[in-house]
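Number of protein chains: 4
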Amino acid sequence: MLNIGVIGFGYWGPNVARNFHAAAGAKLVAICDFSDKRLALAQNNYPFIQGIKDPYELIRSTGIDAVAIVTPVFSHYELAKAALLAGKHIFVEKPFTATSAQARELIDLAERKNLRIMVDHTFLFTGAVRKIKQVIDSGELGKLLFYDSVRVNLGLFQHDVNVIWDLAPHDLSIMAHVIDKKPLAIAAHGSIHFQGGFEDIAYVAVEFEGNGFLAHFHVNWLSPVKIRQTLISGDKKMLVWDDLSADEKVKIYDRGVEVKSSNGGKDGIHELLVSYRSGDVHIPKLEAMEALKAEAQYFVECVEKNLPPANGGQAGLQVVRLLEAADESLKQGGKRIVL
Amino acid sequence: MLNIGVIGFGYWGPNVARNFHAAAGAKLVAICDFSDKRLALAQNNYPFIQGIKDPYELIRSTGIDAVAIVTPVFSHYELAKAALLAGKHIFVEKPFTATSAQARELIDLAERKNLRIMVDHTFLFTGAVRKIKQVIDSGELGKLLFYDSVRVNLGLFQHDVNVIWDLAPHDLSIMAHVIDKKPLAIAAHGSIHFQGGFEDIAYVAVEFEGNGFLAHFHVNWLSPVKIRQTLISGDKKMLVWDDLSADEKVKIYDRGVEVKSSNGGKDGIHELLVSYRSGDVHIPKLEAMEALKAEAQYFVECVEKNLPPANGGQAGLQVVRLLEAADESLKQGGKRIVL
Amino acid sequence: MLNIGVIGFGYWGPNVARNFHAAAGAKLVAICDFSDKRLALAQNNYPFIQGIKDPYELIRSTGIDAVAIVTPVFSHYELAKAALLAGKHIFVEKPFTATSAQARELIDLAERKNLRIMVDHTFLFTGAVRKIKQVIDSGELGKLLFYDSVRVNLGLFQHDVNVIWDLAPHDLSIMAHVIDKKPLAIAAHGSIHFQGGFEDIAYVAVEFEGNGFLAHFHVNWLSPVKIRQTLISGDKKMLVWDDLSADEKVKIYDRGVEVKSSNGGKDGIHELLVSYRSGDVHIPKLEAMEALKAEAQYFVECVEKNLPPANGGQAGLQVVRLLEAADESLKQGGKRIVL
Amino acid sequence: MLNIGVIGFGYWGPNVARNFHAAAGAKLVAICDFSDKRLALAQNNYPFIQGIKDPYELIRSTGIDAVAIVTPVFSHYELAKAALLAGKHIFVEKPFTATSAQARELIDLAERKNLRIMVDHTFLFTGAVRKIKQVIDSGELGKLLFYDSVRVNLGLFQHDVNVIWDLAPHDLSIMAHVIDKKPLAIAAHGSIHFQGGFEDIAYVAVEFEGNGFLAHFHVNWLSPVKIRQTLISGDKKMLVWDDLSADEKVKIYDRGVEVKSSNGGKDGIHELLVSYRSGDVHIPKLEAMEALKAEAQYFVECVEKNLPPANGGQAGLQVVRLLEAADESLKQGGKRIVL
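Chains as they are written, first to last, in my numbering: chain R, 38 to 376; chain L, 38 to 376; chain W, 38 to 376; chain A, 38 to 376.
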């Protein structure tokens with residue numbers, strides 16, 4: 038039985054607590070929050086837990102095997118480090134850390150102490166992303182051409198990070214999970230509209246090695262409409278993921294492109310012969326399980342069996358590295374930052 | 038009566054010819070095309086016209102007052118220059134020219150000879166763009182925040198230009214028409230997927246002076262789905278233009294953002310207070326007139342009354358300057374190009 | 038303070054209990070369910086309530102002022118009658134009763150004992166229906182032409198009633214609420230596809246007095262897609278309610294019809310001159326309050342202030358009368374049943 | 038070579054003429070219209086044809102083998118009869134005739150004279166209906182449950198027929214084509230909103246022999262929105278046809294229903310066990326050919342090879358019989374009319 042303590046019972050913490058409470062092989066034993074009110078709520082929902090105000094007290098507690106850190110990003114490193122030093126496995130809210138140096142240090146530490154790190158890239162556990170990964174891994178799409186993601190709405194400003202750190206971790210972690218290619222460079226363009234604020238809209242382009250594959254992300258807190266759409270094109274088939282669709286989130290288009298070079302154009306001019314192919318559309322049924330539920334169970338399994346999670350420290354580091362480089366590019370007016 | 042000759046009777050030329058034929062005060066008198074087959078078709082449709090194979094013969098013809106140049110972009114400059122030198126007004130397919138130097142030379146020439154140039158930015162004459170301009174000009178949207186345009190589909194590759202030169206002139210000309218701000222710099226990211234080809238997907242970010250207004254364009258020949266969507270947000274209202282919608286192309290959202298700076302946050306920390314407002318949506322009825330018909334009539338009127346067209350040489354130059362800078366940025370790996 | 042007991046803690050009962058628990062001026066004091074498991078759940082959620090297995094025990098309890106009856110329709114009459122006889126106000130799940138005779142008897146009884154009946158026509162309290170009523174009451178739509186409702190999905194078969202009794206009470210109660218006209222006759226067509234079952238798809242037409250106003254309802258458990266759409270046309274404006282739309286549930290179309298009779302047609306033939314008008318579309322923002330919450334509060338208010346609820350016994354009777362007549366028509370092969 | 042004359046060059050006639058002009062093995066030789074203006078237009082488009090004002094002159098012309106009758110329905114019988122008597126094959130606009138007696142007489146006459154009748158049920162030749170027929174014929178949907186069609190818009194009033202005769206022939210001919218079952222009875226409900234007019238909205242229910250299959254049609258000239266949607270459910274799969282969708286007109290849902298009767302319910306009560314199944318969705322690519330083009334070619338082929346057209350006189354009669362019965366039902370307040 039894995040005894041779990043949760044630090045942070047604000048917006049997302051209650052979901053994490055609920056799912057670890059329900060996970061087979063796990064036992065929710067403690068919840069920590071600075072706020073008396075939030076702590077009272079936690080104890081009302083789970084009368085059997087220990088309510089703790091000081092996170093380090095929770096971390097030191099000998100009755101706890103693993104700590105879920107569901108706090109703002111700036112606090113992840115300190116809490117995670119303390120937890121690892123105290124011999125606890127950690128489940129950390131995304132983004133993993135505020136800098137890639139912090140992420141690397143935590144990864145090293147966990148390795149030395151043989152502890153598991155899992156970063157809460159929840160979307161990887163949705164039916165949609167599982168299906169997308171399966172489709173791409175099968176080779177059905179052919180040679181991949183591009184990945185285009187739009188995640189915009191009239192949204193809540195975060196007070197401590199810009200829109201890239203707020204929204205892009207979802208999409209960067211998904212992309213890293215389903216696209217088996219190495220990013221080479223990144224460029225970001227964004228804008229701050231309100232004095233004293235952070236970038237509230239941004240565009241991030243990620244260059245990859247070989248073959249012209251390009252990824253692009255539009256994140257935005259100022260859009261009148263909510264859009265959650267990802268296009269992934271291959272030369273054989275193409276895929277659209279619309280996360281707001283109730284029943285038809287993932288569509289696979291039997292559409293493709295074929296290109297032949299030819300020197301036989303009229304006037305002997307070199308000519309590119311492009312042909313497009315358009316066929317049926319297929320909308321696969323997706324698994325309906327709650328993503329966080331599956332992820333919590335997976336954490337328990339990884340700890341029990343000593344397995345490296347797919348969304349472990351390295352996956353978390355990769356996302357942080359991209360976020361960090363995007364920030365660097367923003368600061369330098371969109372300069373291409375080599376990764 | 039304005040006597041008009043049309044050079045080029047391929048894909049778009051027949052539409053230009055048809056609308057000048059129908060325009061009050063204009064008379065279609067000659068059509069030129071290299072291809073015998075196209076020329077025969079033109080003469081079949083308009084038995085009264087002169088069919089001409091050599092464009093310079095048409096340009097020199099004394100019975101012609103204005104020349105519509107509906108040919109590939111690489112030929113615009115030579116034909117336009119010859120026409121202006123021969124004392125003809127010109128209507129030129131977009132993009133105006135292949136370089137901004139050419140555009141400037143033609144503008145100067147036309148000025149010296151007191152001739153009109155109109156660049157065929159057809160979209161400006163659609164009911165949707167007219168309405169959008171009217172809404173923005175009225176100040177209804179408040180302080181403008183961003184302009185985001187997506188124009189993607191599984192499309193025909195042009196053989197002579199990249200996807201930016203093919204698709205972005207639409208959106209750049211629309212943006213320049215409705216947004217009364219000066220672009221400062223541009224950055225473009227794109228990818229060539231097929232050897233010997235041109236960029237087939239691209240992202241273009243345009244920075245503006247003052248206040249953080251940002252414009253962004255996604256153009257793409259490799260998308261499984263067709264999207265023609267533009268978001269224009271202000272801090273008072275926001276607008277979405279979906280050109281593929283049959284009856285609801287332009288939607289105006291009574292949604293906005295208000296931001297107050299405050300030093301009274303708890304712990305005395307400076308805090309940004311953001312509030313979002315969400316109200317009704319309004320879908321205005323749009324004028325139903327064919328855009329090119331209105332544009333052709335406007336050309337006749339500008340020539341007759343000696344008026345400078347809104348889509349004149351300067352408007353054409355502005356688009357070419359942006360395209361040129363986008364190409365420059367592409368070549369330098371997304372470098373920010375100051376305009 | 039109004040002390041409330043809830044009978045039935047199955048699918049809908051928990052929502053009723055939760056909202057009476059939260060209503061100002063009300064106190065949830067007892068919950069009754071046959072099932073030990075459901076009762077335990079109720080007591081877990083509301084440890085302070087009395088859990089009762091026998092509904093008549095709850096009804097007789099002197100500490101209770103009002104009873105919410107959230108049970109299958111066949112049991113409504115007996116329970117409601119007992120409650121009224123015991124001097125309790127009643128809140129009854131829709132449809133009110135299994136026959137109109139029962140409904141009339143309960144109405145009489147409540148009147149004699151000066152008690153309130155409210156039938157749970159929840160939809161009347163949604164932001165959408167409130168807005169629709171307001172628009173129609175304002176006269177904005179002009180002369181009403183028709184009401185067309187489609188409520189279909191691949192749904193759960195009820196074991197005890199047909200699809201009309203399952204789904205149409207929603208739409209019949211809404212129509213009766215927003216349309217201030219008297220129904221004259223009804224005809225229903227339906228089909229039973231599975232031996233031993235009830236009608237699983239049905240079409241119900243309701244004729245009204247005067248002017249050709251017609252209402253029609255399509256209810257269906259066998260549709261591959263879920264549709265919840267109502268069209269209400271007037272000769273001045275027209276309204277569409279799509280309950281599945283997230284943000285644009287109610288659209289008001291500035292579209293209309295004008296008809297002039299003329300004898301001046303060519304050949305002296307009498308001719309009908311019809312002209313259609315098409316203008317803007319308006320999407321009003323709707324109130325976001327949970328419907329059942331507003332309804333529970335309204336029940337408390339009606340009891341406290343001795344007010345006749347808009348969704349009182351008469352409203353309930355009206356719906357039952359239409360359901361009953363629809364069943365009669367079904368049995369007689371679609372015969373027109375005068376109301 | 039089949040020499041064809043077209044009577045009627047109003048709204049639809051030009052399309053018929055154009056497609057017979059283009060059909061292999063056919064020659065458009067004459068066009069007839071009462072209006073000088075329409076006739077001049079016809080001769081301008083097809084300078085080689087004979088323009089005729091008197092339809093009987095065209096019908097008698099010895100140089101003509103087949104006559105296309107594209108006139109209002111009241112004139113079909115007289116013209117068709119004259120044409121058959123003159124030994125011409127006929128292509129008749131839908132609905133075939135104004136009464137079923139007329140249709141029967143024409144069928145007999147054509148048989149006696151060994152001439153072909155084709156009724157212009159154009160929709161049967163669309164890619165969508167071809168695909169739907171193929172899917173149903175394959176048995177993929179399982180046992181058919183219902184056919185539900187909605188064809189509504191803010192439309193042009195016909196001056197000579199009601200909305201059923203105007204719009205329903207499309208859907209009735211499609212249903213008869215794809216559903217291999219015998220209709221037993223019909224009931225129609227409708228309303229006349231404008232004095233001196235015809236029914237402008239109507240609902241038509243068609244009962245079939247055996248198994249509870251039911252068809253229903255909603256036709257309407259007063260709807261604010263345009264809907265062209267047909268649901269066809271089987272117990273194994275279900276199909277939705279949305280004719281307004283650009284690329285996804287036909288969707289096949291792998292959804293179904295299974296019902297088992299059981300006597301083992303608790304309390305020994307007979308219970309119906311229903312289970313729903315939900316799987317993938319498939320959107321087949323449709324043939325893109327213009328329907329009328331395919332139909333015109335098919336007419337030529339049927340005449341040349343002496344084949345009975347699928348959309349021959351009997352198909353036309355079937356639709357007229359349903360329209361006639363619907364009218365009868367309307368007149369009798371929705372009475373069930375046995376076919």
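Note that beta-carbon positions come from the ideal geometry of N, C-alpha and C, so glycine has one too.
Item to complete: Report yes if the CB atom of residue 256 of chain R is closer than 8 Å to the CB atom of residue 188 of chain R, and no otherwise.
Response: For the purposes of this step, residue 256 of chain R is identified with residue 219 of the first sequence, where counting begins at 1. For the purposes of this step, residue 188 of chain R is identified with residue 151 of the first sequence, where counting begins at 1. For residue 256 of chain R and residue 188 of chain R, yes; Cβs fall inside 8 Å.
With distance defined between alpha-carbon atoms, name the residue in A:217, A:68, A:182 and A:240 nearest to residue 273 of chain A.
Translated into the one-based positions of the fourth sequence, residue 273 of chain A becomes position 236. Out of A:217, A:68, A:182 and A:240, A:182 has the C-alpha closest to the C-alpha of residue 273 of chain A.
Query raised in the report: Three-state secondary structure (DSSP) at residue 184 of chain W?
Result: Here residue 184 of chain W refers to the residue found at position 147 when the third sequence is read from its first residue. Correct three-state label for residue 184 of chain W: strand.
Excluding sequence positions up to five away, which residues of its chain have a Cβ less than 7 Å from the Cβ of residue 1 of chain L? Nothing in the structure corresponds to residue 1 of chain L, since chain L is present only between 38 and 376.
According to DSSP, is residue 336 of chain R part of a helix, a strand, or is it coil? Within the first sequence, residue 336 of chain R is the residue found at index 299, counting from 1. DSSP places residue 336 of chain R in helix when its eight states are reduced to three.
Closest Cβ-Cβ distance between residue 160 of chain W and chain A: below 8 Å?
For this step, residue 160 of chain W is matched to residue 123 along the third sequence. Chain A contact via Cβ: absent.
Member of L:334, L:259, L:77 and L:254 whose CA lies at the smallest distance from the CA of residue 58 of chain L
Along the second sequence, read from residue 1 onward, the residue named residue 58 of chain L stands at position 21. The residue with the shortest Cα to Cα distance from residue 58 of chain L is L:334.
Original post:
In the DSSP assignment, what residue or residues form a beta bridge with residue 88 of chain L?
Top reply: The residue labelled residue 88 of chain L in the question sits at position 51 within the second sequence. In the DSSP assignment, the residues bridged to residue 88 of chain L are L:68.
Any beta-carbon of chain A closer than 8 Å to the one on residue 260 of chain W?
Working through the third sequence from its first residue, we reach residue 260 of chain W at position 223. The beta carbon of residue 260 of chain W sits closer than 8 Å to some beta carbon of chain A.
Practice item. Go ahead and label residue 302 of chain W buried or exposed: buried means 16 or more other beta carbons lie within 10 angstroms of its beta carbon, across all protein chains shown. Key: Locating residue 302 of chain W in the third sequence gives position 265, where the first residue counts as 1. Caution applies to residue 302 of chain W, whose pLDDT of 47 falls short of 50 and renders its modelled position unreliable; the model cannot decide the point.
*Residue range of the beta strand (DSSP E) that residue 240 of chain A falls in?*
As a working mapping, residue 240 of chain A is identified with position 203 in the fourth sequence. Where residue 240 of chain A is concerned, the enclosing beta strand (DSSP E) stretches over 238–245.
- Using the Cα positions of residue 350 of chain A and residue 157 of chain A, report the straight-line distance between them to the nearest angstrom. Against the fourth sequence, residue 350 of chain A aligns to sequence position 313. Against the fourth sequence, residue 157 of chain A aligns to sequence position 120. Residue 350 of chain A and residue 157 of chain A have their C-alpha atoms spaced approximately 10 Å apart.
What does residue 55 of chain R touch in chain L if you count any residue whose Cβ is under 8 Å from its own?
Working through the first sequence from its first residue, we reach residue 55 of chain R at position 18. The contacting residues do not exist; residue 55 of chain R stays about 28 Å from chain L at best.
Checklist entry - Per DSSP, residue 313 of chain L forms a beta bridge with which residues? => result One-based indexing of the second sequence puts residue 313 of chain L at position 276. Bridge partners of residue 313 of chain L according to DSSP: L:294.
query: When the distance is taken between beta carbons, is residue 147 of chain R closer than 8 Å to residue 121 of chain R?
result: Residue mapping note: residue 121 of chain R aligns to position 84 of the first sequence, counting from 1. Residue mapping note: residue 147 of chain R aligns to position 110 of the first sequence, counting from 1. Contact annotation: residue 121 of chain R and residue 147 of chain R have beta-carbon atoms nearer than 8 Å.
- Query: Hey, is residue 292 of chain A's beta-carbon within less than 8 Å of any beta-carbon in chain W?
  - Reply: As a working mapping, residue 292 of chain A is identified with position 255 in the fourth sequence. Answer yes: the Cβ-Cβ gap between residue 292 of chain A and chain W drops below 8 Å somewhere.
Does DSSP classify residue 56 of chain W as helix, strand or coil? Stepping through the third sequence from its first residue, residue 56 of chain W is reached at position 19. In the structure shown, residue 56 of chain W sits in a helix (DSSP, three-state: H, G or I).
When you compare the CB positions of residue 360 of chain W and residue 201 of chain W, do they come within less than 8 Å of one another, or not? Mapped onto the third sequence, residue 360 of chain W falls at position 323. Mapped onto the third sequence, residue 201 of chain W falls at position 164. Cβ atoms of residue 360 of chain W and residue 201 of chain W: closer than 8 Å.
Kindly indicate which three-state DSSP category residue 107 of chain R falls into: helix, strand or coil?
Along the first sequence, read from residue 1 onward, the residue named residue 107 of chain R stands at position 70. Residue state, collapsed to three classes: coil.
Taking 8 Å as the threshold (C-beta atoms), are residue 107 of chain R and residue 329 of chain R in contact? Counting from one through the first sequence, the residue named residue 329 of chain R turns up at place 292. Counting from one through the first sequence, the residue named residue 107 of chain R turns up at place 70. Not a contact, by the Cβ cut-off of 8 Å.
My assumption, with CB atoms under 8 Å, is that residue 267 of chain A sits in contact with residue 186 of chain A. Please give the rounded CB distance.
As a position in the fourth sequence, residue 267 of chain A is number 230, starting the count at 1. As a position in the fourth sequence, residue 186 of chain A is number 149, starting the count at 1. 5 Å between Cβ atoms; contact.
Quiz item: Under the three-state reduction of DSSP, which class applies to residue 49 of chain W: helix, strand or coil?
Solution: Residue 49 of chain W sits at position 12 when you count from the first residue of the third sequence. Of the three classes helix, strand and coil, the one that applies to residue 49 of chain W here is coil, per DSSP.
Point to revise | Beta-carbon gap between residue 238 of chain R and residue 204 of chain R smaller than 8 Å | key: For the purposes of this step, residue 238 of chain R is taken as the residue at position 201 of the first sequence. For the purposes of this step, residue 204 of chain R is taken as the residue at position 167 of the first sequence. No. Outside cutoff.
- Query: Where does residue 266 of chain L fall in DSSP's three states?
  - Reply: Start at 1 with the first residue of the second sequence, and residue 266 of chain L comes out as number 229. Note: residue 266 of chain L maps to strand in three-state DSSP.
Exercise for the section: My understanding is that residue 276 of chain R touches residue 264 of chain R, with C-beta atoms under 8 Å, so please give their C-beta distance in whole angstroms. Expected result: Locating residue 276 of chain R in the first sequence gives position 239, where the first residue counts as 1. Locating residue 264 of chain R in the first sequence gives position 227, where the first residue counts as 1. The beta-carbon distance between residue 276 of chain R and residue 264 of chain R, rounded to whole angstroms, is 17 Å. This is too long to meet the 8 Å contact definition.
Members of the stretch 314–339 of chain R that neighbour chain A once the beta carbon cut-off is set at 8 Å:
Within the stretch 314–339 of chain R, the residues whose Cβ lies closer than 8 Å to some Cβ of chain A are 315, 316, 317, 318, 319, 320, 321 and 322, listed in chain order.
Report yes if the C-beta distance between residue 113 of chain W and residue 153 of chain W is below 8 Å; otherwise report no.
-> Counting from one through the third sequence, the residue named residue 113 of chain W turns up at place 76. Counting from one through the third sequence, the residue named residue 153 of chain W turns up at place 116. No, they are not a contact pair.
Query raised in the report: Can you tell me the Cα-Cα spacing of residue 118 of chain R and residue 250 of chain L, whole angstroms?
Result: Mapped onto the first sequence, residue 118 of chain R falls at position 81. Mapped onto the second sequence, residue 250 of chain L falls at position 213. Spanning the two alpha carbons is a distance of roughly 41 Å.
Report task. Taking a Cβ distance cut-off of 7 Å, strictly less, list which residues of the stretch 269–298 of chain R are near chain A, in chain order. Result -> Listed in chain order, the positions of the stretch 269–298 of chain R with a beta carbon within less than 7 Å of a beta carbon of chain A are 285.
Exercise for the section: Classify residue 208 of chain A as helix, strand or coil using the three-state DSSP reduction. Expected result: For the purposes of this step, residue 208 of chain A is taken as residue 171 along the fourth sequence, with counting starting at 1. Helix, per DSSP.
Does DSSP put residue 101 of chain L in a helix, in a strand, or in coil? Start at 1 with the first residue of the second sequence, and residue 101 of chain L comes out as number 64. Per DSSP, reduced to three states, the secondary structure at residue 101 of chain L is coil, with no helix or strand assignment.
Residue closest to residue 229 of chain L, alpha-carbon to alpha-carbon, out of L:297, L:240, L:222 and L:219
Position 192 of the second sequence, counted from the first residue, corresponds to residue 229 of chain L. Taking only the C-alpha atoms, the option nearest residue 229 of chain L is L:240.
- prompt: residue 353 of chain A lies in the alpha helix (DSSP H); which residues open and close that run?
  reply: In the fourth sequence, counting from the first residue as 1, residue 353 of chain A sits at position 316. If you look at residue 353 of chain A, you'll find it in the alpha helix (DSSP H) that goes 350–368.
Which residue marks the beginning of the beta strand (DSSP E) containing residue 227 of chain A, and which one marks its end?
The count along the fourth sequence starts at 1 and reaches residue 227 of chain A at position 190. Secondary structure note for residue 227 of chain A: its beta strand (DSSP E) is the uninterrupted segment 220–228.
Q | Cβ shell of residue 214 of chain L (< 8 Å), same chain only, five flanking positions each side left out | A | The sequence position of residue 214 of chain L within the second sequence is 177, counting from 1. Exclusion of the five residues before and after residue 214 of chain L leaves 158, 161, 166, 170, 347, 348 and 352 as the residues of its chain whose Cβ lies within less than 8 Å of its Cβ.
*Beta-carbon contacts of residue 134 of chain R that lie in its chain and below 6 Å, excluding the five residues immediately before and after*: Position 97 of the first sequence, counted from the start, is the residue given in the question as residue 134 of chain R. Counting only Cβ-Cβ distances below 6 Å, and skipping sequence neighbours, we find 113, 114, 140 and 357.
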